[in-house]
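Presented below is the structure to which this report refers.
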Amino acid sequence: MKYVQKNPVPVPASGAYGSVAATIDAVFDWEYALKRQNLLGLFEKGKALNWNASELDWSTDVDPERVMKERFASGASGIMNQLLSPPRPLAQDELIRFQIHMNSFMLSQFLHGEQGALLATAKIVETVPWAEAKFYAASQVLDEARHVEVYHRYLTEKLGLSYGVHPSLQQLLDDILRDPRWDLTFLGMQILVEGLALAAFGLLRLQMTGEPLIQDITARIMADESRHVAFGVLALEDVYTHQMDQRELREREDFVIEASHLLRERLLMQPVFERLGWDVPVWVEWAQRTPFMVGFRQMTFSKIVPNLKRLGLLTPRVREAYAKMDLLRFEHEKDSIEEPEVKPPAELVQLLLQVMSQGAQPAAPAA
Ligand SMILES: [Fe+2]
Ligand SMILES: [Fe+2]
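Numbering (this note's numbering) for the sequence shown: 547 to 913.
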């Protein structure tokens, strides 16, 4: 797919290329037993459901400012101020800029996360012991390359606004790639990073109603990602529930707890406040406590928690850490095998729909 890079993505201070030293065991499977039917089934689906980025309608006129202005014409700015409860009431043009930057920040982190997934899954092809898992991982590698391609084109050509990789996402991706244990690549990438992305995609789709290109992109990527998360669960379930001793499981618990903190940190969106020239400590403090942002961060774990439970990793230690982050409310949700699709939790859908609906009842701005 050819496209002009009009607005390049900002490069981190560390430079255009970043390398992570990893010592891994590349494993051959000379038996080719191919007995894990569920992974073979996933491989068949992965091949059959391939799509090409060039099928998307790139001629779509993407103008989020116009979409938001239309939304605000029906009185959404009052509701937005009420919902966000910002440190000071935001005028309509500030609310629009803020939303455009938040969406661009989220999409940019998706782009960088997709590149992380591309590298991590290529590593899985080498390290996972079973041939059928290598097959599926190879099909996922292609998916991830396509996701990088699509998000990159959308950000640089259509939105014209993007952010560099957030340091906490970069650190998590480095940790995942550096670790020689194949199951930790799955745990970090397929269960945590992709599990979070899957929930966040659902929210983004709701927030960007009225923009058909991103709707199409998100729907296609979500369908791919739900298979990737299922891959992680299917590959790890037996290993964690039957094959690991207490010491090994404790290391996985530590990894889950630390990675979950890193994932939450990037959602504080500090770079957005810096770029907007707003008072960063005040706004980060706001992002930490305002119910809307707290709710948003929690919802992004709605698929991770039931998947960890299925893997036997919602242990007392992880539960304690998750209770502090108020994430245990999702433990009874369906996991990615019971329900591959992700529905954003009803409470958030309701809030967003209230803001988005044309003709919403204007509410008084927060004092
Ligand atoms: Fe992806
Ligand atoms: Fe993925």
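All C-beta atoms in this analysis are idealised placements derived from N, C-alpha and C, irrespective of residue type, glycine included.
Does the pairing of the region 750-766 with the region 707-727 give three or more beta-carbon distances under 8 Å?
-> no
Heavy atom of ligand 1 within 7 Å of His693 beta-carbon | The residue you call residue 693 lines up with position 147 of the sequence shown. It does: the Cβ of His693 is within 7 Å (strictly closer) of some heavy atom of ligand 1.
Could you tell me whether any non-hydrogen atom of ligand 2 is closer than 7 Å to the CB of Ala805?
-> The residue you call residue 805 lines up with position 259 of the sequence shown. Flag unset: Cβ of Ala805 not near ligand 2.
Give me the Cα-Cα distance between Leu813 and Pro827, rounded to the nearest whole angstrom.
-> Along the sequence shown, one-based indexing puts residue 813 at 267. Along the sequence shown, one-based indexing puts residue 827 at 281. Leu813 and Pro827: Cα-Cα distance of roughly 15 Å.
Is Val779 near Leu857, with beta carbons less than 8 Å apart?
-> Here residue 779 corresponds to residue number 233 of the sequence shown, with the count starting at 1. Here residue 857 corresponds to residue number 311 of the sequence shown, with the count starting at 1. Going by C-beta atoms, Val779 is nearer than 8 Å to Leu857.
Under the three-state reduction of DSSP, which class applies to Met790: helix, strand or coil?
-> Within the sequence shown, residue 790 is the residue found at index 244, counting from 1. Correct three-state label for Met790: coil.
Answer yes or no: do Arg699 and Tyr549 have a C-beta to C-beta separation smaller than 8 Å?
-> Residue mapping note: residue 699 aligns to position 153 of the sequence shown, counting from 1. Residue mapping note: residue 549 aligns to position 3 of the sequence shown, counting from 1. For Arg699 and Tyr549, yes; Cβs fall inside 8 Å.
For the candidate residues Leu701, Pro635, Thr731 and Val608, whose alpha-carbon lies nearest to that of Asn553?
-> The residue given as residue 553 occupies position 7 in the sequence shown. Considering only alpha carbons, the answer is Leu701.
For Pro852, name the three-state secondary structure that DSSP assigns.
-> The residue you call residue 852 lines up with position 306 of the sequence shown. Of the three classes helix, strand and coil, the one that applies to Pro852 here is helix, per DSSP.
Could you check what DSSP says for Phe656 in three-state terms: helix, strand or coil?
-> For the purposes of this step, residue 656 is identified with residue 110 of the sequence shown, where counting begins at 1. The answer is helix: DSSP assigns Phe656 an H, G or I state.
For Ala668 versus Phe732, is the C-beta distance shorter than 8 Å?
-> Position 122 of the sequence shown, counted from the first residue, corresponds to residue 668. Position 186 of the sequence shown, counted from the first residue, corresponds to residue 732. Not closer than 8 Å, so no.
Contact the region 674-692 vs the region 587-594: 3+ CB pairs below 8 Å | yes
The region 688-695 touching the region 623-643, judged by at least three CB pairs closer than 8 Å | no
Is the beta carbon of Asp770 within less than 7 Å of some heavy atom of ligand 2?
-> To locate residue 770, count along the sequence shown from 1; it is residue 224. Asp770 Cβ: within cutoff of ligand 2.
If you drop the 5 nearest sequence neighbours on each side, which residues of the same chain put their C-beta closer than 6 Å to that of Asn596?
-> Looking up residue 596 in the sequence shown gives position 50. Hits under 6 Å: none found.
Hey, would you say the C-beta of Ala567 is under 7 Å away from at least one heavy atom of ligand 2?
-> Here residue 567 is taken as the residue at index 21 of the sequence shown, counted from 1. For ligand 2, not one heavy atom lies less than 7 Å from the Cβ of Ala567.
Trp824 versus Phe618: straight-line alpha-carbon distance, rounded = As a working mapping, residue 824 is identified with position 278 in the sequence shown. As a working mapping, residue 618 is identified with position 72 in the sequence shown. So the two alpha carbons sit approximately 22 Å from each other.
Under the three-state DSSP convention, the category Pro610 falls into = On the sequence shown, residue 610 is found 64 positions in, with the first residue counted as 1. Looking at Pro610 - three-state DSSP - the assignment turns out to be helix.
Does the count of Cβ pairs from the region 783-799 and the region 734-752 closer than 8 Å reach three?
-> no
Below 8 Å between beta carbons: does that hold for Lys849 and Glu877?
-> Walking along the sequence shown from the start, residue 849 turns up at place 303. Walking along the sequence shown from the start, residue 877 turns up at place 331. Not closer than 8 Å, so no.
Please say whether Glu797 and Arg863 have beta carbons closer to each other than 8 Å?
-> Taking the first residue of the sequence shown as position 1, residue 863 is located at position 317. Taking the first residue of the sequence shown as position 1, residue 797 is located at position 251. Not closer than 8 Å, so no.
For ligand 2, any of its heavy atoms closer than 7 Å to the Cβ of His774?
-> Numbered from 1 along the sequence shown, position 228 holds the residue referred to as residue 774. Yes, the Cβ of His774 comes within 7 Å of a heavy atom of ligand 2.
Beta-carbon proximity list for Pro911, same chain, < 8 Å, skipping 5 on both sides = Looking up residue 911 in the sequence shown gives position 365. Only weak support exists for where Pro911 lies, its pLDDT of 37 falling under 50; the value from the coordinates is given anyway. Hits under 8 Å: Ser623, Gly624, Asn627, Gln628 and Pro635.
Output yes or no for whether 8 Å exceeds the beta carbon distance between Val687 and Val674.
-> Here residue 687 is taken as the residue at index 141 of the sequence shown, counted from 1. Here residue 674 is taken as the residue at index 128 of the sequence shown, counted from 1. No.
For Gly662, is the classification buried or exposed, using 16 other Cβ atoms within 10 angstroms of its Cβ as the cut-off for buried?
-> Counted from its first residue, the sequence shown places residue 662 at position 116. Classification for Gly662: buried.
Where Ile722 sits in the DSSP three-state scheme = Residue numbering aside, residue 722 sits at position 176 when the sequence shown is read from its first letter. Three-state DSSP puts Ile722 in a helix.
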